[in-house]
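Heads up, the sequence shown stops at 181 in full-length UniProt numbering, and the numbers go up one at a time, no gaps.
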Amino acid sequence: MASNTSNDNFQHRPRQRNGPPPPRRQGRNPPPPSSSTRTSQNQPQQQTPQEKKKPVFVKVDQLKPGTSGHTLTVKVVDQNSVPQKPGAASSHIRPARISECLVGDETACILFTARNDQVDLMKPGASVNLRNAKIDMFKGSMRLAVDKWGRIEVTEPADITVKEDNNLSLVEYELVNVVEE
Numbered sequence: 001m002a003s004n005t006s007n008d009n010f011q012h013r014p015r016q017r018n019g020p021p022p023p024r025r026q027g028r029n030p031p032p033p034s035s036s037t038r039t040s041q042n043q044p045q046q047q048t049p050q051e052k053k054k055p056v057f058v059k060v061d062q063l064k065p066g067t068s069g070h071t072l073t074v075k076v077v078d079q080n081s082v083p084q085k086p087g088a089a090s091s092h093i094r095p096a097r098i099s100e101c102l103v104g105d106e107t108a109c110i111l112f113t114a115r116n117d118q119v120d121l122m123k124p125g126a127s128v129n130l131r132n133a134k135i136d137m138f139k140g141s142m143r144l145a146v147d148k149w150g151r152i153e154v155t156e157p158a159d160i161t162v163k164e165d166n167n168l169s170l171v172e173y174e175l176v177n178v179v180e181e
């Protein structure tokens, strides 16, 4: 029985390091090195707060199919609750509250689809700011919606006379595939 002396003398102990740990390996496209890592310790680091862009408010008549990122101020004209189909939602999921609201400004009006907590904010006569709103297509017509990346803010009552005879949701669109030659 021969013993292996090289394995008997091996001890597990942590390796001592001098200095900071090595940089972690990045993915395919590592971020460029920031300038803050190159500053010396004698200079205090100055952080400039990132300036926020001012929102560009659009009017309802400027909305086009398939667009998103709109910020607009509208007045709620009407609100109709959409009934849920029985058995549409499973028993372990909370049923969604959906309401269709007619909103607009002095240029046009459009149907807004309010979901869950948004339904409580969209009361007839209320003025709201819609931030990061998008246009959804439903049965060929435009609907305005705000998803989880957007925001609905109730504002002070604005003096807006809604132009109800220009309803953008009544215009039907047809998807046409264009073949390039």
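In this text, a Cβ means the ideal position worked out from N, Cα and C, and glycines have one as well.
Keep in mind it's a predicted model, so treat the numbers as computed, not measured.
| Item | Value |
| --- | --- |
| Could you say if the region 154-168 and the region 65-80 meet the contact criterion of at least three C-beta pairs nearer than 8 Å? | yes |
| Going by beta-carbon coordinates alone, are residue 253 and residue 109 separated by less than 7 Å? | Absent from the model: residue 253. The displayed extent of the chain is 1 to 181, so no value can be given. |
| Between the alpha carbons of residue 127 and residue 94, how many angstroms are there, rounded? | 29 Å |
| What's the call for residue 104, buried or exposed, on a 16-neighbour Cβ count within 10 Å? | buried |
| Hey, how far is the Cα of residue 77 from the Cα of residue 113? | 13 Å |
| Looking at the secondary structure, which residues open and close the alpha helix (DSSP H) in which residue 76 lies? | Per DSSP, residue 76 belongs to no alpha helix (DSSP H); it is in the beta strand (DSSP E), 68-82. |
| Ordered along the chain, which non-local residues of its own chain (more than five positions away) have a Cβ less than 8 Å from that of residue 134? | 67, 68, 69, 70, 144, 145, 146, 147, 150 |
| Does the distance from the C-beta atom of residue 169 to that of residue 111 stay below 7 Å? | yes |
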